[in-house]
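J.: One structure, as structure tokens, below. Some questions next.
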Amino acid sequence: MNLKLDEDTMKVLAPISLIGRIATNVVEFLGQLALLLHSAVTMVRPALISGRGKRLGWRNLWAQMVRVGVNSVGIVSLVVFCIGAILSLQMEPILKQYGATDKIADIIGVAMFRELGPLVAAITLTGFAGASIAAELGTMKVSEELEALESQAISPVRFLVVPRVLATTLMMICLAVIADIMGVLGGLFVCTFVLDISAELYLRATFSAIEMKDFLGGLFKSGVFGCVLSLIACHLGTNVQGGAEGVGHATTKTVVYTIVALTFIDLGFTAAFFFMGV
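All letters in the sequence shown, in the order written, are residues 1 to 278 by the numbering used here.
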């Protein structure tokens, strides 16, 4: 039986249809990321060590770690340092009304180690390295270099994806530590030279406020952020279509999708830690 819907009914169903398409696309995209993660995990050992124990991909891994992590230290440090300074300047007038300006150090320390350090570092790394990975792999896809690897019985996942995922995950954890420290130093700089709060008082309050669970929770989130960031970049880069224009679209999608994903993941972690009392 052929049912024809009138125009008014179609207008009513249009938003529902749009939501359904978006949900379907999101589930499909998450499934593709899960498959890529599974392939990358199974390829970790072959990518680094052969059956005889010979080292294969370590040099590639080190190169990616330098590219993703070491080259990002400067920009991540600058951004987080400024955020720490901004927070100090914004909180001082409010806390001063309650005679609690000494709590600036506590708030900045906890905020940096639990939330802002890992998240800001990951977002900064998305624009610095995530887009670069997507553009590089997309260019290789367009120029048929990936097909050339497959024709030589070399898995693109083993040769290209695994080093980038491992490097980004590991270096994201290191960058989070640097971001935590630089955020605290940014607050220290403002408190010492602008707000007349002694450095000794600031550091003592910071160390007393931060607990090991704050530090470890931030590191765990950072590892997840790095893994998700690299998976999205590698997936979109290796599935480019449409030549140079497709590479541009993949790069843009990488930045947008990753920032959205990181925000939702961080919200999930924060909610979970809150209800767990961590």
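Every residue gets a Cβ at the ideal spot worked out from N, C-alpha and C, and that includes glycine. Since the structure is predicted, the reported quantities are computational estimates derived from the model, not experimental observations.
1. Determine the direct distance from the alpha carbon of residue 216 to that of residue 254, and round the result to whole angstroms.
2. How would you call residue 156, buried or exposed, if buried means at least 16 neighbouring beta carbons within 10 angstroms?
3. Measuring only the C-alpha atoms, how far is residue 80 from residue 13?
4. Which first and last residues belong to the alpha helix (DSSP H) in which residue 87 is found?
5. Is residue 247 closer than 8 Å to residue 256 when the C-beta atoms are compared?
6. In this structure, does DSSP put residue 104 in helix, strand or coil?
7. What three-state label does DSSP hand residue 197 in the structure shown?
8. So what's residue 19 in DSSP terms, helix, strand or just coil?
9. Taking residue 155 as part of the alpha helix (DSSP H), name the residues at either end of that continuous run.
10. Rounded to whole angstroms, what's the CA-CA distance from residue 173 to residue 229? Just pull it up for me.
11. Going by C-alpha distance, which of 69, 19, 84 is nearest residue 185?
12. Is the beta carbon of residue 137 within less than 7 Å of some heavy atom of the ligand NAD?
T.: So, from the listed chains and residues:
1. Translated into positions along the sequence shown, residue 254 becomes position 254. Translated into positions along the sequence shown, residue 216 becomes position 216. Cα to Cα, residue 254 sits roughly 28 Å from residue 216.
2. Looking up residue 156 in the sequence shown gives position 156. The residue is buried, with at least 16 neighbouring Cβ atoms inside 10 Å.
3. Within the sequence shown, the letter at position 80 stands for residue 80. Within the sequence shown, the letter at position 13 stands for residue 13. Separation of residue 80 and residue 13 (C-alpha to C-alpha, rounded to the nearest whole angstrom) is 46 Å.
4. The residue you call residue 87 lines up with position 87 of the sequence shown. Here the alpha helix (DSSP H) through residue 87 covers 73–97.
5. Taking the first residue of the sequence shown as position 1, residue 256 is located at position 256. Taking the first residue of the sequence shown as position 1, residue 247 is located at position 247. Cβ atoms of residue 256 and residue 247: not closer than 8 Å.
6. By one-based count along the sequence shown, residue 104 stands at place 104. Residue state for residue 104 is assigned as helix, using DSSP reduced to three classes.
7. Within the sequence shown, numbered from 1, the residue matching residue 197 stands at position 197. Looking at residue 197 - three-state DSSP - the assignment turns out to be coil, as it is neither helix nor strand.
8. Reading the sequence shown from its first residue, position 19 is the one you call residue 19. For residue 19, the three-state secondary structure derived from DSSP is helix.
9. As a working note, residue 155 is residue 155 in the sequence shown. Note, residue 155: premise wrong, no alpha helix (DSSP H); not H, not E.
10. If you number the sequence shown from 1, residue 173 lands on position 173. If you number the sequence shown from 1, residue 229 lands on position 229. Roughly 13 Å separates the two Cα atoms.
11. Position 185 of the sequence shown holds residue 185. Of 69, 19, 84, the residue nearest in Cα terms is 84.
12. The ligand content of the structure shown is nil, which means the ligand NAD is not present either.
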